[in-house]
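**Q** Take the sequence shown: its position 94, counted from the start at 1, is 476 in the working numbering, and no numbers get skipped.
Glycine residues also receive a C-beta, built at the ideal position from the N, C-alpha and C atoms.
Note that the structure is a prediction, hence the values are computed from the model and not measured.
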Amino acid sequence: TIRTLASLDLETKPSYWLTVCAQDQAVVPLHSCVQVYIKVQNENDNVPLTEDAVYYPSVPESSPPHVKVLQLAAEDRDIDSMQQISYRIISGNPEGYFAINSTSGLITTTARKLDRENQPEHILEVLVMDNGAPQLSSTTRVVVQVEDVNDHAPEFDQKMYKVQIPANAKIDQPLF
Numbered sequence: 383t384i385r386t387l388a389s390l391d392l393e394t395k396p397s398y399w400l401t402v403c404a405q406d407q408a409v410v411p412l413h414s415c416v417q418v419y420i421k422v423q424n425e426n427d428n429v430p431l432t433e434d435a436v437y438y439p440s441v442p443e444s445s446p447p448h449v450k451v452l453q454l455a456a457e458d459r460d461i462d463s464m465q466q467i468s469y470r471i472i473s474g475n476p477e478g479y480f481a482i483n484s485t486s487g488l489i490t491t492t493a494r495k496l497d498r499e500n501q502p503e504h505i506l507e508v509l510v511m512d513n514g515a516p517q518l519s520s521t522t523r524v525v526v527q528v529e530d531v532n533d534h535a536p537e538f539d540q541k542m543y544k545v546q547i548p549a550n551a552k553i554d555q556p557l558f
């Protein structure tokens, strides 16, 4: 019986070659050796992670739909050619101002118009998941700053002003 003395990890060392020898207890002992190849099987033991835990993108208010806000990219250290990473906004987006492509991780604006005066910042929590068994995940925070756009015309305090000006008023002086 061959047993491990420590846990094995495919990503650290994918295989082992062992030479196993046996010897009997006879007066003239006999022995034999055999080569054993051990291939470590993959296990989903690495969480998919983005490069940063928090991102701070910005987007102009009143942006049209499909404007790029942020391209997330996650890495999963598990060695698996079938490994896929998916993305989902799990909080901070109840009004639906943002959408995320579940396979590419691209966050974009939607048809809902952002308004800096109403909400200058949106804090999104994005779940990053692999498709392994068991499924592993992590979360990333995206703090979207809404940039101000000159979208409000100046307003006067009154609808009409009545001003009396002396006939001898000086040039380039305030009238009131």
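Just to confirm my understanding: we take proline 502, look at its own chain, exclude 5 residues before and 5 after, and list those with CB closer than 6 Å. What are they?
**A** Within the same chain, proline 502 has close Cβ partners Val528.
**Q** Less than 8 Å between C-beta atoms, sequence neighbours within five positions excluded: which residues of the same chain meet that for serine 523?
**A** Here the sequence assigns arginine to residue 523, which means serine is not the residue at that position. Answer for arginine 523: Ala435, Val436, Tyr437, Ile505, Leu506, Glu507 and Val508, listed in chain order.
**Q** DSSP three-state label for methionine 511, please.
**A** Three-state result, methionine 511: strand.
**Q** Helix, strand or coil for lysine 450, going by three-state DSSP, please let me know.
**A** Strand at lysine 450.
**Q** Could you check if methionine 511 is buried or exposed, using at least 16 other CB atoms within 10 Å of its CB as the buried criterion?
**A** With 16 or more other Cβ atoms within 10 Å, it is buried.
**Q** Taking DSSP as the reference, what is the three-state secondary structure of glutamate 457?
**A** Strand, per DSSP.
**Q** Among Asn500, Glu433 and Leu496, which has the Cα closest to the Cα of serine 440?
**A** Among Asn500, Glu433 and Leu496, the Cα nearest to that of serine 440 is on Leu496.
**Q** Throw me the rounded Cβ distance for the valine 422 and leucine 518 pair, which I believe falls under 8 Å.
**A** Incorrect: roughly 18 Å between the Cβ atoms, too far for contact.
**Q** Check whether the stretch 396 to 416 touches the stretch 471 to 482, taking contact to mean three or more Cβ pairs, one atom from each stretch, closer than 8 Å.
**A** Segments in contact, no.
**Q** Considering only residues of the same chain and omitting the five flanking positions on each side of aspartate 533, which have a CB-CB separation below 8 Å?
**A** Taken in chain order, the residues that qualify are Glu443 and Ser444.
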